[in-house]
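K.L.:
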Ligand SMILES: Cc1ncc(COP(=O)(O)O)c(C=O)c1O
């Protein structure tokens with residue numbers, strides 16, 4: 224007969240044995256599904272939006288990474304931690320006062336202090352990190368994570384020790400990024416501004432002989448430049464390039480595409496507005512007019528007569 228604790232221990236040893244017979248160690252340049260499966264199991268144990276895990280090697284490394292991320296995200300530098308906490312580093316007086324004042328009011332429970340501290344930090348644009356290196360993974364009995372016993376929801380959780388049963392393993396878990404495309408209704412914006420642009424560009428197409436076609440959907444549009452609408456032969460790439468450069472000088476960035484490099488591609492940021500679209504139309508129309516002006520000049524006609532000798536890229 225084995226005691227239950229010994230049986231549990233045997234399960235851990237058996238899992239380690241299996242892992243070592245399969246794959247002992249790889250550097251993280253080799254992708255392996257194990258780490259993703261583990262991250263999913265780990266984040267399943269965390270509440271709310273705490274769903275993105277970064278695996279590292281030690282609690283200190285996890286805390287360093289958490290602080291680095293918080294600093295980058297908030298643009299703030301100062302860190303507040305409890306004076307007798309494990310990693311009580313970098314206390315700033317201004318912020319420390321918020322906490323120490325409340326600690327002195329002895330009647331206030333730690334739960335209230337922590338809630339108050341979270342609120343104060345967030346009001347100043349800060350993030351809250353919960354170090355679960357000692358308290359995580361069910362050790363507290365009533366809850367799986369220490370922060371749950373205080374009824375607070377951190378932005379970042381760090382963990383180590385219990386996570387790897389003594390192996391050098393740790394993790395930083397953060398909230399999922401917000402989906403800007405959904406939040407800002409950018410798909411809808413592409414539809415509205417894109418349709419508006421297409422209608423205005425169709426007018427330009429009807430007006431100017433060299434704009435052979437306007438194709439696209441939403442904010443992904445191509446302007447097909449031709450010599451004339453009858454032949455539909457592509458406008459020389461050099462001319463289209465001149466128009467593209469012209470647009471750039473006037474403040475509008477377009478891309479080049481097409482087999483003959485005679486198509487200008489409109490693929491702007493998805494957040495552009497209707498007035499940005501009006502600006503783009505004005506610039507494109509001006510560049511078409513400039514093209515007509517250029518083609519009337521002597522220097523343009525001379526350039527058109529220059530033939531470029533094709534040089535093979537590779538000689539056999
Ligand atoms: C609460 C807490 N955070 C972080 C650490 C640092 O972890 P490590 O020794 O894995 O770097 C410790 C270490 O004891 C700890 O107790």
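In the numbering used here, the protein residues as written are 224 to 539.
In this text, a Cβ means the ideal position worked out from N, Cα and C, and glycines have one as well.
This structure is a prediction, so every number in the text was calculated from the model and none was measured.
To the nearest angstrom, how far is it from the Cα of residue 267 to the Cα of residue 364?
P.N.:
Straight-line Cα distance between these residues: approximately 18 Å.
K.L.:
Do you know offhand how far residue 414's Cα is from residue 250's?
P.N.:
Between residue 414 and residue 250, the C-alpha separation is close to 45 Å.
K.L.:
Between residue 349 and residue 297, how many whole angstroms is the CB-CB distance? I'm expecting something under 8 Å.
P.N.:
Right, the Cβ-Cβ distance comes to about 6 Å (below 8 Å), so this counts as a contact.
K.L.:
With a threshold of 7 Å (Cβ to nearest heavy atom), would residue 282 be considered close to ligand 1?
P.N.:
Yes, since a heavy atom of ligand 1 falls inside the 7 Å radius drawn around the Cβ of residue 282.
K.L.:
If contact is defined by three or more beta carbon pairs under 8 Å, each pair taking one atom from either stretch, is the stretch 372 to 390 in contact with the stretch 457 to 470?
P.N.:
Counting Cβ pairs under 8 Å, fewer than three are found: no touch.
K.L.:
In this structure, how does DSSP classify residue 394 when only helix, strand and coil are distinguished?
P.N.:
The answer is strand: DSSP assigns residue 394 an E or B state.
K.L.:
Measuring only the C-alpha atoms, how far is residue 360 from residue 367?
P.N.:
Each residue's Cα considered, the two are about 5 Å apart.
K.L.:
Tell me, to the nearest whole angstrom, how far the beta carbon of residue 434 is from that of residue 511; I am working on the premise that it is less than 8 Å.
P.N.:
At roughly 7 Å, the Cβ-Cβ gap stays under 8 Å, so residue 434 and residue 511 are in contact.
K.L.:
With distance defined between alpha-carbon atoms, name the residue in 335, 253, 337 and 462 nearest to residue 519.
P.N.:
Checked all of 335, 253, 337 and 462; the closest Cα to residue 519 is 462.
K.L.:
Are three or more beta carbon pairs between the stretch 375 to 383 and the stretch 254 to 261 nearer than 8 Å?
P.N.:
Judged by Cβ distances under 8 Å, the stretch 375 to 383 makes no contact with the stretch 254 to 261, as fewer than three pairs qualify.
K.L.:
How many angstroms separate the CA atom of residue 447 from the CA atom of residue 495?
P.N.:
Rounded to whole angstroms, residue 447 to residue 495 spans 22 Å at the Cα level.
K.L.:
Output needed for residue 508: all residues of its chain with C-beta closer than 7 Å, excluding positions within five of it in sequence on either side, in chain order.
P.N.:
Cβ neighbours of residue 508 beyond the five flanking positions: 427.
K.L.:
Once DSSP output is grouped into helix, strand and coil, what is the label at residue 279?
P.N.:
Strand, per DSSP.
K.L.:
Tell me which same chain residues have a C-beta within less than 7 Å of the C-beta of residue 482, skipping the five on either side of it?
P.N.:
So no residue of the chain qualifies.
K.L.:
Per the DSSP calculation, residue 488 is bridged to which residue(s)?
P.N.:
DSSP output for residue 488 lists 445 and 478 as bridge partner(s).
K.L.:
Mind checking residue 355: buried by the 16 CB within 10 Å criterion, or exposed?
P.N.:
That one is buried.
K.L.:
Give me the Cα-Cα distance between residue 451 and residue 429, rounded to the nearest whole angstrom.
P.N.:
Whole-angstrom Cα-Cα distance: 12 Å.
K.L.:
Which residue wins for smallest C-alpha separation from residue 277, given the options 465, 231 and 396?
P.N.:
Nearest of 465, 231 and 396 to residue 277, Cα basis: 396.
K.L.:
Answer with buried or exposed for residue 337, where buried requires no fewer than 16 other C-beta atoms within 10 angstroms of its C-beta.
P.N.:
Residue 337 is buried by the Cβ-count criterion.
K.L.:
Does any heavy atom of ligand 1 sit closer than 7 Å to the C-beta of residue 394?
P.N.:
Answer for residue 394: no, Cβ out of range of ligand 1.
K.L.:
Quick check: residue 487 and residue 466, are their CB atoms within less than 8 Å of each other?
P.N.:
Result yes, Cβ atoms of residue 487 and residue 466 sit closer than 8 Å.
K.L.:
For residue 243, count the other beta carbons within 10 Å of its own beta carbon; 16 or more makes it buried, fewer makes it exposed. Which is it?
P.N.:
Result: exposed.
K.L.:
Grab me the residues of residue 321's own chain with a C-beta within less than 6 Å of its C-beta, minus the 5 sequence neighbours each way, in chain order.
P.N.:
With a pLDDT of 42 at residue 321, under the threshold of 50, the modelled position of that residue is not reliable, and no figure is offered here.
K.L.:
Between residue 515 and residue 491, what straight-line distance do the alpha-carbon atoms span, to the nearest angstrom?
P.N.:
Distance between the alpha carbons of residue 515 and residue 491 is about 26 Å.
K.L.:
According to DSSP, simplified to helix, strand and coil, what is residue 511?
P.N.:
Looking at residue 511 - three-state DSSP - the assignment turns out to be helix.
K.L.:
Express the C-alpha separation of residue 301 and residue 264 in angstroms, rounding to a whole number.
P.N.:
Residue 264 and residue 301: Cα-Cα distance of roughly 33 Å.
K.L.:
Could you say which of 455, 454, 229 and 291 lies nearest to residue 351 if we only look at CA atoms?
P.N.:
If we check each option's Cα against that of residue 351, 291 comes out closest.
K.L.:
What does DSSP give as the partner residue(s) for residue 352 in the beta ladder?
P.N.:
Partner(s): 379.
K.L.:
According to DSSP, is residue 384 helix, strand or coil?
P.N.:
Reduced to three states, the DSSP call for residue 384 is helix.
K.L.:
Is residue 410 close to ligand 1? I mean its beta-carbon at under 7 Å from any heavy atom of the ligand.
P.N.:
Residue 410 Cβ: outside cutoff for every heavy atom of ligand 1.
K.L.:
Any heavy atom of ligand 1 closer than 7 Å to the CB of residue 354?
P.N.:
Yes; taking the cut-off as 7 Å, the Cβ of residue 354 has a heavy atom of ligand 1 nearer than that.
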